[in-house]
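Novice: Here the sequence shown is numbered in our numbering, starting from 35 and rising by one per residue. Just so you know, even glycine gets a beta-carbon here, dropped at the ideal spot from N, CA and C.
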Amino acid sequence: MPMYDRILLIKTGALGDVLRTTSILPGLKALEGVGSIVWLTSPQAEPLVREHPLVDEVRIWDGDPEGVGFYVANLGSTGSEWILSLDDELGPCRLATRLQAYSGSRLSGAYEDESGELAYTDDVEAWFGMGLLSRCGKPEADKRKRANELTHGQIFAEMLGIEDSKPSLVLSEPLVEEAREGLGGTGVLIGLNTGAGGRWPSKGLSVERSVELAGLLHAALGTGVRFVVLGGVLEADRNRRMLELLSAEEGLVVLDGGTDNGLLEFAAQVACCDVLVSSDSLALHMGVALERPVVAFFAPTSGAEVDLFGRGRSIRSTSSDYCSYRPDADNSSITPERLCTAVLELLNE
């Protein structure tokens with residue numbers, strides 16, 4: 035492996051992907067002769083990597099393809115550099131191409147070719163060959179995605195020639211303590227992050243099944259359990275309905291985590307959970323990065339890619355369209371009973 039004065043990591047979205055990409059940082063930093071690691075990310079994702087001890091510098095970019103020239107002038111390096119371009123959108127790909135041309139550096143990942151098409155280097159085929167830019171076309175890429183049994187971290191470690199490691203998120207103790215005080219109470223705290231935003235409705239668990247799950251857990255655990263309903267702005271309405279139904283359950287203690295928290299405030303709530311039940315979403319990746327016990331469920335997306343590092347349970351759809359990346363994938367096999375069993379197993383470990 036050549037020595038590099040700098041590794042420039044371009045990863046701007048989505049938020050969960052940014053967070054799980056932190057798993058490659060220990061391996062990159064351990065490479066012989068590597069200097070600084072600079073992470074270029076979006077303003078929205080910046081808090082997720084801001085305090086990471088293995089990131090020497092965080093640079094912010096809005097992803098606008100028309101603003102590439104300014105960033106080339108500011109980010110371009112004349113030293114030995116390895117550019118890791120891990121997004122598949124036009125803006126980051128164009129930036130990677132211009133930076134590589136400016137410096138003559140090694141480029142691994144996605145870029146904009148001479149014809150204006152988006153492509154990727156041969157050394158990242160294992161990942162990008164399962165995605166939107168796949169050279170073999172979407173049907174074959176989807177087939178490879180469904181057949182894959184390697185985790186995101188394993189794929190990237192093998193591609194980049196580094197050791198596989200864990201994602202991580204740095205939270206200050208005062209922030210976590212503030213969240214703990216806000217949630218209050220005693221006993222087991224189970225986080226319910228069962229919504230899925232707007233893009234992949236079938237990632238989520240319906241309000242009715244979420245309420246049924248809480249009822250099963252309450253029946254099994256009694257007065258020693260509390261629930262906190264978690265989510266973001268897109269879950270505001272469904273979480274409100276969920277809270278109304280849960281509040282009507284006799285003896286069940288439910289807390290409103292809110293849907294307008296900042297990223298790190300939201301993560302601090304996740305950090306307080308004894309078990310987190312989550313869709314394939316940002317909360318899941320936060321739970322993994324914060325080493326919380328997680329019960330994660332998957333229908334349209336790949337459960338194999340998400341490593342729970344022995345601290346969780348992966349509940350996957352048994353329907354034929356599992357991992358089809360269809361927004362209307364059948365998630366009916368993600369039952370409250372399966373999820374309840376998984377939560378109880380984790381609590382008994």
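Who are the Cβ neighbours of serine 63 in its own chain at under 6 Å, not counting the five residues just before and after it?
Specialist: Within the sequence shown, the letter at position 29 stands for residue 63. Residue 63 is actually lysine in this sequence, not serine. If we look at lysine 63 and ignore the five residues flanking it on each side, its Cβ neighbours are Leu88.
Novice: Tell me the DSSP secondary structure of tyrosine 154 in three-state form.
Specialist: By one-based count along the sequence shown, residue 154 stands at place 120. In the structure shown, tyrosine 154 sits in a strand (DSSP, three-state: E or B).
Novice: By the DSSP assignment, the beta strand (DSSP E) with serine 46 in it spans what residues?
Specialist: Stepping through the sequence shown from its first residue, residue 46 is reached at position 12. One detail in the question is off: residue 46 reads as threonine in this sequence, not serine. Neither: threonine 46 is in no beta strand (DSSP E) and is coded neither H nor E.
Novice: Closer than 8 Å by C-beta to glutamate 197: which residues in its own chain qualify, once you throw out the five before and the five after it? Chain order, please.
Specialist: As a position in the sequence shown, residue 197 is number 163, starting the count at 1. Closer than 8 Å at the Cβ level, and outside the excluded window around glutamate 197, lie Pro60, Gly61, Ala64 and Ala191.
Novice: To the nearest angstrom, how far is the alpha carbon of arginine 169 from that of isoleucine 349?
Specialist: Position 135 of the sequence shown holds residue 169. Position 315 of the sequence shown holds residue 349. Looking at the two C-alpha atoms, the distance is approximately 31 Å.
Novice: Which parts of the segment 44–128 are runs of the beta strand (DSSP E), unbroken and 3 residues or longer, counting only runs that do not cross its ends?
Specialist: 70–75, 91–94 and 115–119
Novice: Any contact between the segment 299–310 and the segment 145–156? By contact I mean 3 or more CB pairs, one from each, below 8 Å.
Specialist: no
Novice: Looking only at its own chain, which residues have a Cβ that is under 8 Å from the Cβ of leucine 286, when we skip the five neighbours before and after it?
Specialist: Within the sequence shown, the letter at position 252 stands for residue 286. Only Ala248, Gly249, His252, Phe261 and Leu280 meet the Cβ criterion.
Novice: Does the beta-carbon of methionine 320 have 16 or more other beta-carbons within 10 angstroms, so that it is buried, or is it exposed?
Specialist: Residue mapping note: residue 320 aligns to position 286 of the sequence shown, counting from 1. With 16 or more other Cβ atoms within 10 Å, it is buried.
Novice: For glycine 218, which of Leu49, Ile58 and Gly291 has the nearest alpha-carbon?
Specialist: The residue you call residue 218 lines up with position 184 of the sequence shown. Residue Gly291 is the option with its Cα nearest to glycine 218.
Novice: Assuming serine 351 is part of the alpha helix (DSSP H), what are its boundary residues?
Specialist: Translated into positions along the sequence shown, residue 351 becomes position 317. Where serine 351 is concerned, there is no enclosing alpha helix (DSSP H), given that its DSSP letter is neither H nor E.
Novice: Per DSSP, which one or two residues make a beta bridge with asparagine 227?
Specialist: Counting from 1 along the sequence shown, the entry for residue 227 is found at position 193. BP columns for asparagine 227 point to Ser312.
Novice: Let me know the secondary structure DSSP gives aspartate 271 once reduced to three states.
Specialist: The residue you call residue 271 lines up with position 237 of the sequence shown. Helix.
Novice: Please report the residue range of the alpha helix (DSSP H) in which aspartate 176 lies.
Specialist: By 1-based counting over the sequence shown, the position of residue 176 is 142. Element bounds for aspartate 176: 172–181.
Novice: Return the Cβ separation of proline 327 and valine 309 in integer angstroms, given the expectation that the two are a contact with Cβ distance under 8 Å.
Specialist: Position 293 of the sequence shown, counting from 1, holds the residue named residue 327. Position 275 of the sequence shown, counting from 1, holds the residue named residue 309. Indeed they touch by this definition, with Cβ atoms about 5 Å apart.
Novice: I believe valine 72 touches leucine 42 by the beta-carbon criterion, under 8 Å. Please report the beta-carbon distance rounded to the nearest angstrom.
Specialist: Your numbering for residue 72 matches position 38 in the sequence shown. Your numbering for residue 42 matches position 8 in the sequence shown. That belief holds up - the Cβ atoms of valine 72 and leucine 42 are roughly 5 Å apart, short of 8 Å.
Novice: Decide if phenylalanine 332 is buried, meaning its Cβ has at least 16 other Cβ atoms within 10 Å, or exposed.
Specialist: Taking the first residue of the sequence shown as position 1, residue 332 is located at position 298. Buried, by the Cβ-count rule.
Novice: Kindly confirm or deny that the segment 230–240 and the segment 358–368 touch, where touching means at least three C-beta pairs closer than 8 Å.
Specialist: yes
Novice: Let me make sure I understand the geometry here. Which of Thr369, Gly344, Val267 and Ala254 has the alpha-carbon closest to that of arginine 351?
Specialist: As a working mapping, residue 351 is identified with position 317 in the sequence shown. According to the sequence displayed, residue 351 carries serine and not arginine. For the residues Thr369, Gly344, Val267 and Ala254, the minimum Cα distance to serine 351 belongs to Thr369.
Novice: What residues in its chain sit with their C-beta under 7 Å from that of arginine 40, if we drop five residues either side in the sequence?
Specialist: Translated into positions along the sequence shown, residue 40 becomes position 6. These residues qualify, in order along the chain: Gly69, Ser70, Val72, Ser111, Gly113 and Glu115.
Novice: Answer yes if the segment 221–228 comes into contact with the segment 88–107, meaning at least three C-beta pairs across the two stretches below 8 Å, and no otherwise.
Specialist: no
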